[in-house]
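Read top to bottom, the protein sequences are chains U and A. Quick note on the working numbering: the first sequence kicks off at 1 and runs consecutively. Quick note on the working numbering: the second sequence kicks off at 1001 and runs consecutively.
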Amino acid sequence: NAGVTQTPKFQVLKTGQSMTLQCAQDMNHNSMYWYRQDPGMGLRLIYYSASEGTTDKGEVPNGYNVSRLNKREFSLRLESAAPSQTSVYFCASSERRNYEQYFGPGTRLTVT
Amino acid sequence: EDKVVQSPLSLVVHEGDTVTLNCSYEVTNFRSLLWYKQEKKAPTFLFMLTSSGIEKKSGRLSSILDKKELFSILNITATQTGDSAVYLCAASAGNTPLVFGKGTRLSVIA
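Below, the structure is given as structure tokens:
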């Protein structure tokens, strides 16, 4: 039982490049989330998916897109990376959208 | 707008001290209050509190919720260097995702 997994663990991009962060959970949870965490800013919600087939914007959605591929997988895409997107990205899942969340190990992204 | 405020932002104590971390919240249709511990990596779930006055305990950590005054505290007794972490508080409300505070950074020195 791996919980929430994320790939990659680290990534360096040049400004303007694109990439997709992958997330998968094996807890049969309905809801999944993407956060970014910056020093002094806490966890900020980018997008979430309350259930398979739905996605909603969070606090900081600009510059990102998401896909809920199936119940297990939720990906985050940066179409044209900017230095302001340098951050640690966490994926999380929960049984329902207002239940306790379980987090993946994070992806450290640097955009130069 | 829903919000969660934690205090202090950071704290340095010596091993063996007892610490109290605070979390106040203002959310619509409040459901529960959650505490997480974050060391160098991902946050890990500690407690969820739904009812006022009922203390949750796990070893040296305990937490209580006051739904009338809209706050929760997390106590850590006999602190150890392994307790050094950022402690996050989050409120569950209505049918929306958790609202997180910015965290309290606890440093325990030997």
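Each residue gets a CB set at the ideal place from its N, CA and C atoms; glycine is no exception.
Using the Cβ count rule (16 or more neighbours within 10 Å means buried), how would you classify residue i?
i	result
N98 (chain U)	buried
P1097 (chain A)	buried
D1083 (chain A)	buried
Q37 (chain U)	buried
A1090 (chain A)	buried
T1018 (chain A)	exposed
S1051 (chain A)	exposed
L1034 (chain A)	buried
Look at the alpha carbon of residue i and the alpha carbon of residue j, and state the distance between them as a whole number of angstroms.
i	j	result
M1048 (chain A)	K1037 (chain A)	13 Å
P83 (chain U)	Q17 (chain U)	11 Å
T15 (chain U)	L76 (chain U)	17 Å
E52 (chain U)	E1055 (chain A)	36 Å
S31 (chain U)	Q6 (chain U)	16 Å
Q1080 (chain A)	S1107 (chain A)	10 Å
G113 (chain U)	Q25 (chain U)	Nothing can be reported for residue 113 (chain U): it is not among the residues displayed for chain U, which extend from 1 to 112.
L43 (chain U)	Y35 (chain U)	6 Å
E1015 (chain A)	A1110 (chain A)	5 Å
What residue range does the beta strand (DSSP E) around residue i cover?
i	result
S1032 (chain A)	1030-1038
D1017 (chain A)	Counting along the chain, D1017 (chain A) falls outside any beta strand (DSSP E), and DSSP gives it neither H nor E.
T1096 (chain A)	Taken as a continuous stretch (DSSP letters only), T1096 (chain A) belongs to no beta strand (DSSP E), as it is neither H nor E.
Can you tell me the Cβ-Cβ gap for residue i and residue j, rounded? I've got them flagged as a contact below 8 Å.
i	j	result
A92 (chain U)	Y33 (chain U)	4 Å
L1046 (chain A)	T1104 (chain A)	Between T1104 (chain A) and L1046 (chain A) the Cβ distance is about 13 Å, and since that is not below 8 Å, they are no contact.
S49 (chain U)	R68 (chain U)	4 Å
Give a yes or no on whether the minimum CB-CB distance between residue i and chain B is below 8 Å.
i	result
K1041 (chain A)	The chain labelled as chain B is not found among the protein chains of the depicted structure, namely U and A.
- Item | beta strand (DSSP E) segments (min. 3 residues) lying fully within the region 73-112 of chain U | 74-78, 87-94, 107-111
- Message: What ranges does the beta strand (DSSP E) occupy inside the region 15-60 of chain U, keeping only unbroken runs of at least 3 residues that lie completely in it?
- Response: 19-25, 31-38, 42-49
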